[in-house]
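Working notes for the structure below.
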Amino acid sequence: MVIHNSQIIETPNFIYLASMMKSSSTLMWLVLSAIQEADNRADPTKMQNVPADDFLPLTIDFLKHFPNGGIFKSHAPYEHHTDKFFKQTGCKYVVLVRHPADHLAGLYCHCRGLTNALEVPPDRRTAWEFLAGPVPVDFSRNEPDFAIDQMIDTGYLFKILEWMADWLAFRHRLQSRLIRYEDVVTRFDEIVSELCWFIRDRAADDDLMDYLRHVVEHETKTGQQKGDQPKYPRGWTGHIGAWQDYFSRENAERFNDQVLRFMQSYPQAAALREAYPNLLLEIPAGSTSMRRTAKVI
730 MVIHNSQIIE
740 TPNFIYLASM
750 MKSSSTLMWL
760 VLSAIQEADN
770 RADPTKMQNV
780 PADDFLPLTI
790 DFLKHFPNGG
800 IFKSHAPYEH
810 HTDKFFKQTG
820 CKYVVLVRHP
830 ADHLAGLYCH
840 CRGLTNALEV
850 PPDRRTAWEF
860 LAGPVPVDFS
870 RNEPDFAIDQ
880 MIDTGYLFKI
890 LEWMADWLAF
900 RHRLQSRLIR
910 YEDVVTRFDE
920 IVSELCWFIR
930 DRAADDDLMD
940 YLRHVVEHET
950 KTGQQKGDQP
960 KYPRGWTGHI
970 GAWQDYFSRE
980 NAERFNDQVL
990 RFMQSYPQAA
1000 ALREAYPNLL
1010 LEIPAGSTSM
1020 RRTAKVI
């Protein structure tokens, strides 16, 4: 029982997952939960009474929702409450990031597919909605080229770069691990092994690896099967380089300009550069379409 919010406690059975939206955070939650459990199987029951708020500020009182420990997934930025929570609890946490260009493409399609959006009374509506940063409320209803421009020009791209840079710069390197989406896709077994040593202090056993390989295969197949749905006008966005299917040449040029401005001005930009030395997009000469012709450099 937590008595005071200034209390220093130990939480060996609680792990915080800080994830960018559309970075396969559900898969990573399953991975972390399976690693945490003695039977090598993810336990969703530990999330049954947890508030459904992806941006919930952390305080010590939040732990009352995890009497038996567990994994909490959040998209919240790194800020005062979160920093204090980590220092008070000493809990382990994992930071999951994705190349911001692919993130923009994935988030655009995700928002197109939302069916349970909050119904705001007309007299309370504004022209904006806030995810990690501001975008026009109708951006996901627009064609990809225009919608991506809106995400770049209205400040969303800047805010997600800020989200990434702050988590990377301010995380405690012994208390946390950084995982890139691209590495989950290309070297899944190695990532699981690294996380096992971090959480269990031992290597992954064959039973755990077999289970998690099945999980990632199922999650990947399920995602690919969604590629024909209307929410994905140019195909599934779960693959590396998804931005090439959704960015116009102008989108890519605007993206690079905004990234350069951010990297030159933001105090924690060096941490982002360390994790993603390939932030800028390579734009083929003379091409108006990015589909299958460009790459990340």
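In this note's numbering, the protein residues as written are 730 to 1026.
Here a beta-carbon is modelled for each residue, glycine too, at the ideal position from N, C-alpha and C.
Secondary structure at S753: coil, using DSSP grouped into helix, strand and coil. Between L833 and M757, the C-beta gap is not smaller than 8 Å, which leaves the two residues out of contact.
Straight through space, the alpha carbons of C838 and F927 are spaced by roughly 34 Å. In this structure, W972 keeps its C-beta atom at 8 Å or more from the C-beta atom of D782. Around the beta carbon of Q765, a 10 Å sphere encloses 16 or more other beta carbons of the protein chains shown; the residue is thus reported as buried.
Nearest to E891 by C-alpha distance, out of Y745, V779 and P996, is P996.
Of all C-beta pairs linking the region 886 to 901 to the region 815 to 831, three or more are shorter than 8 Å, placing the two stretches in contact. Membership of S922 in the alpha helix (DSSP H) is indicated by the continuous run F917 to I928. If you look at L989, you'll find it in the alpha helix (DSSP H) that goes R978 to S994. For E911, the secondary structure class from DSSP, reduced to helix, strand or coil, is helix. Counting along the chain, W965 sits inside no beta strand (DSSP E), nor does DSSP assign it H or E at all. Annotation: the continuous beta strand (DSSP E) that includes V824 extends over K821 to V826. Distance from the Cα of G970 is smallest, within the candidate group P741, A998 and N1007, for N1007. Judged by pairs of C-beta atoms under 8 Å, the region 744 to 754 does not touch the region 770 to 779, as fewer than three such pairs exist. In the DSSP secondary-structure assignment, S803 is bridged to A747. Annotation: F859 is outside any alpha helix (DSSP H); the continuous beta strand (DSSP E) that includes it extends over W857 to F859.
Rounded to whole angstroms, the separation of the alpha carbons of I1012 and D986 is 12 Å. According to the DSSP assignment, V866 belongs to no beta strand (DSSP E), since it is labelled neither H nor E. Within 10 angstroms of the beta-carbon of G967 lie 16 or more other beta-carbons, which makes it buried. Taking one beta carbon from each stretch, the region 788 to 798 and the region 944 to 961 have fewer than 3 pairs nearer than 8 Å; the two do not touch. Taking 8 Å as the upper bound for CB-CB distance, F976 and I877 are in contact here, some 6 Å apart. Taking C-alpha positions only, L843 is separated from R870 by approximately 11 Å. Nearest Cα to D882 within the set T811, A981, H810 and Q777: A981.
F815 is not a Cβ neighbour of T788, given a cutoff of 8 Å. Contact annotation: H810 and Y1005 have beta-carbon atoms that are not nearer than 8 Å.
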